[in-house]
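Note that the working numbering has the sequence shown beginning at 507, numbered continuously upward.
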Amino acid sequence: MTHASIQIRPVLLQFARLILATAALVLLFLIAGMVSSRAADTGAGKVLALQWCASCHLVAEDQPAASSTSLPSFYDIAKDPAWTTEKLATFLADPHPKMPNMSLGNIEIANLSAYIESLKP
Ligand code: HEC
507 MTHASIQIRP VLLQFARLIL ATAALVLLFL IAGMVSSRAA DTGAGKVLAL
557 QWCASCHLVA EDQPAASSTS LPSFYDIAKD PAWTTEKLAT FLADPHPKMP
607 NMSLGNIEIA NLSAYIESLK P
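As structure tokens, this is what we get:
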């Protein structure tokens, strides 16, 4: 009887370790998932676009600011297959000369690119 319980204990301990290791892994994946989904938040991208881009570009149908009709709208950019998410990100990291001096961070760039891509018809 005592002999058997002594043998079971190490097995239980190993099992507990396995569960802990699995829980740690799951937690890691959850955190990674949260970070990556935050990296491309179209809602945040729209807020940024309305704030930073709407004075020149048409960025949303419900935008309150008037924009230039001679500039490509974000719908035009989204429709153009040449503007991939990667190209947009590169472009926005080194913005066009006529744009006001705004330093966009990587997360903002990813959100803006994701928002523009989301306007694809
Ligand atoms: C002050 C006006 C202004 C603002 C603000 C502005 N843009 Fe522009 N944008 C331009 C002009 C002008 C062009 C035309 C290209 C050029 O002359 O550099 C352009 C071109 C672009 C293009 C390339 C379109 C094409 O087909 O060539 C993209 C993409 C773009 N803008 C994205 C943005 C984003 C995203 C923002 C906000 C973060 C923004 N722009 C804010 C003036 C502006």
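Glycine residues also receive a C-beta, built at the ideal position from the N, C-alpha and C atoms.
For residue 582, which three-state DSSP category applies? helix
Let's test the definition: count the other Cβ atoms within 10 Å of the Cβ of residue 534 and tell me whether it reaches 16, buried, or not, exposed. exposed
Measuring CB atoms only, is the segment 590–601 touching the segment 614–621, in the sense that at least three cross pairs come out at less than 8 Å? yes
Residue 613 CB to nearest heavy atom of the ligand HEC below 8 Å: no
As assigned by DSSP and simplified to three states, the class of residue 611: coil
Is the segment 574–585 close to the segment 557–566, with three or more CB pairs under 8 Å? yes
Neighbourhood of residue 589 by C-beta, 6 Å cutoff - its chain only, sequence neighbours within 5 removed: 583
On the CB-based measure, 16 or more other CB atoms within 10 Å of its CB, does residue 560 come out buried or exposed? buried
Run of the alpha helix (DSSP H) containing residue 548, from where it starts to where it stops: 548–558
Measuring from the CB of residue 582, is there a heavy atom of the ligand HEC at a distance below 8 Å? yes
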